[in-house]
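Numbering (UniProt numbering), first residue to last: 1 to 122.
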């Protein structure tokens, strides 16, 4: 989670290795209270907030997740928009099916012992 300039630059370099022009979720949102931006672990943003000009703007009253533009500034966007994501988490096996960034970044690791009925549907 980009809490300072050094971490932000690390994430920019990581992003550029994958796709220089891609937009990425950053693991921050204001889902609990509009305008109260917090990292996915619940801590407030603090003073480091490289938002793009006029952002966050909550366009259409539905932009509650933070993402990084190709110009390395932040923007608020709808949380269900399909984007790549960057999140800081403990080492665990990657997901085996499509999962949203909010589910992956907010959920603690879960040991799955048997497939659910949803896993077996085609």
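Glycine included, each C-beta is placed from N, C-alpha and C at the ideal position.
Let's test the definition: count the other Cβ atoms within 10 Å of the Cβ of residue 24 and tell me whether it reaches 16, buried, or not, exposed. Taking a 10 Å sphere around the C-beta of residue 24, we find 16 or more other C-beta atoms and assign the residue as buried.
Please classify residue 2 as buried or exposed, where buried requires at least 16 neighbouring CB atoms within 10 angstroms. Residue 2 should be labelled buried.
Residue 62: first and last residue of the uninterrupted alpha helix (DSSP H) it sits in: Per DSSP, residue 62 belongs to no alpha helix (DSSP H) and is neither H nor E.
Rounded to a whole number of angstroms, what is the C-alpha to C-alpha distance between residue 78 and residue 27? 13 Å
Give every residue of the same chain whose Cβ lies closer than 6 Å to the Cβ of residue 75, excluding the five residues on either side of it in the sequence, and list them in chain order. 52, 55, 67 and 69
Taking the beta strand (DSSP E) that residue 28 belongs to, which residues open and close that run? 24 to 29
Residue 75 (DSSP reduced to helix, strand or coil): Of the three classes helix, strand and coil, the one that applies to residue 75 here is strand, per DSSP.
My output table needs one value for residue 69: the three-state DSSP class, helix, strand or coil. Residue 69 falls in the coil class under three-state DSSP.
By DSSP, does residue 134 sit in helix, in strand, or in coil? Because the chain is modelled from 1 through 122, residue 134 falls outside the range shown and cannot be assessed.
Measuring straight from C-alpha to C-alpha, what distance separates residue 35 and residue 50? If I take the Cα positions, the gap works out to 15 Å.
Buried or exposed, going by whether 16 or more other CB atoms sit within 10 Å of the CB of residue 29? buried
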